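Below is one structure, written out as structure tokens, with a few remarks after it.
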Amino acid sequence: MLDEEHRFPVLLRTAWFSLNKSFRELLRETGLTPVQFTILRWLSEYKKSSLSQCDLAELTASNQNNIADLVDRLEALELIERERDRHDSRRKVMSLTPRGESIYVRSRTLALELQMKSMSCFPKDQSSRLLDTLIRVNENLRKDK
Numbered sequence: 185m186l187d188e189e190h191r192f193p194v195l196l197r198t199a200w201f202s203l204n205k206s207f208r209e210l211l212r213e214t215g216l217t218p219v220q221f222t223i224l225r226w227l228s229e230y231k232k233s234s235l236s237q238c239d240l241a242e243l244t245a246s247n248q249n250n251i252a253d254l255v256d257r258l259e260a261l262e263l264i265e266r267e268r269d270r271h272d273s274r275r276k277v278m279s280l281t282p283r284g285e286s287i288y289v290r291s292r293t294l295a296l297e298l299q300m301k302s303m304s305c306f307p308k309d310q311s312s313r314l315l316d317t318l319i320r321v322n323e324n325l326r327k328d329k
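Using my numbering, the first residue of the sequence shown is number 185, and each one after it goes up by one.
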């Protein structure tokens, strides 16, 4: 058995891999991967408020090369489109296409189902507390950057 100071990272990583595997299986019908879903989610939440590849890299805690590849694939699938920013012609911004919006809506339903299933072992107040705790952990780690 692991001692207390080593349990948190191992348990969090194991939970993440289990969640990601389950989500990947659910998303199979949409043709998306979990990370592609995440990109569509951010674009849906921000609508046409000018998210660039750099913004997506920051929001997803990823590097710009990975995001560039993802954006290229999503654009080839006609799920997103790029256009010049009206305020800065050097910058390209992205948005969902109607097809992308449709696939995102279906995928989001699957994501919410998985979240409910994952959290069903907790009473409502405990699931809220867990989410709040994870937010605090994330904020605490971002302070170190």
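Glycine included, every Cβ here is placed at the ideal spot set by N, Cα and C.
Because the structure is a prediction, the values reported are computed rather than measured.
Beta-bridge pairing of residue i - partner residues as DSSP gives them
| i | result |
| --- | --- |
| E265 | S279 |
| L235 | M278 |
Contact set for residue i: own chain, Cβ-Cβ below 7 Å, skip 5 residues either direction
| i | result |
| --- | --- |
| Q220 | L254 and L258 |
| R208 | T217 and P218 |
| T214 | I287, R290 and S291 |
| R268 | K276 |
Closest by C-alpha distance to residue i, when choosing among the options
| i | options | result |
| --- | --- | --- |
| S279 | D272, H271, D269 and E265 | E265 |
| F192 | F306, L263, N247 and L318 | L318 |
| E262 | S273, R274, N249 and P282 | P282 |
| A260 | S273, G284 and E242 | G284 |
| H271 | Q248, S234, S228 and D309 | S234 |
8 Å Cβ shell around residue i - same chain, five flanking residues per side excluded
| i | result |
| --- | --- |
| A252 | Q237 |
| K231 | S279 |
| L203 | L298 and S302 |
Beta-carbon contacts of residue i that lie in its chain and below 6 Å, excluding the five residues immediately before and after
| i | result |
| --- | --- |
| R212 | none |
| S246 | none |
Beta-carbon proximity of residue i to residue j, cut-off 7 Å
| i | j | result |
| --- | --- | --- |
| L224 | L294 | no |
| T198 | T222 | no |
| M300 | S311 | no |
| S206 | L298 | yes |
Start and end residues, alpha helix (DSSP H) containing residue i
| i | result |
| --- | --- |
| E346 | Residue 346 is absent from the model: the chain starts at 185 and stops at 329. |
| E323 | K308 to K327 |
| R225 | P218 to Y230 |
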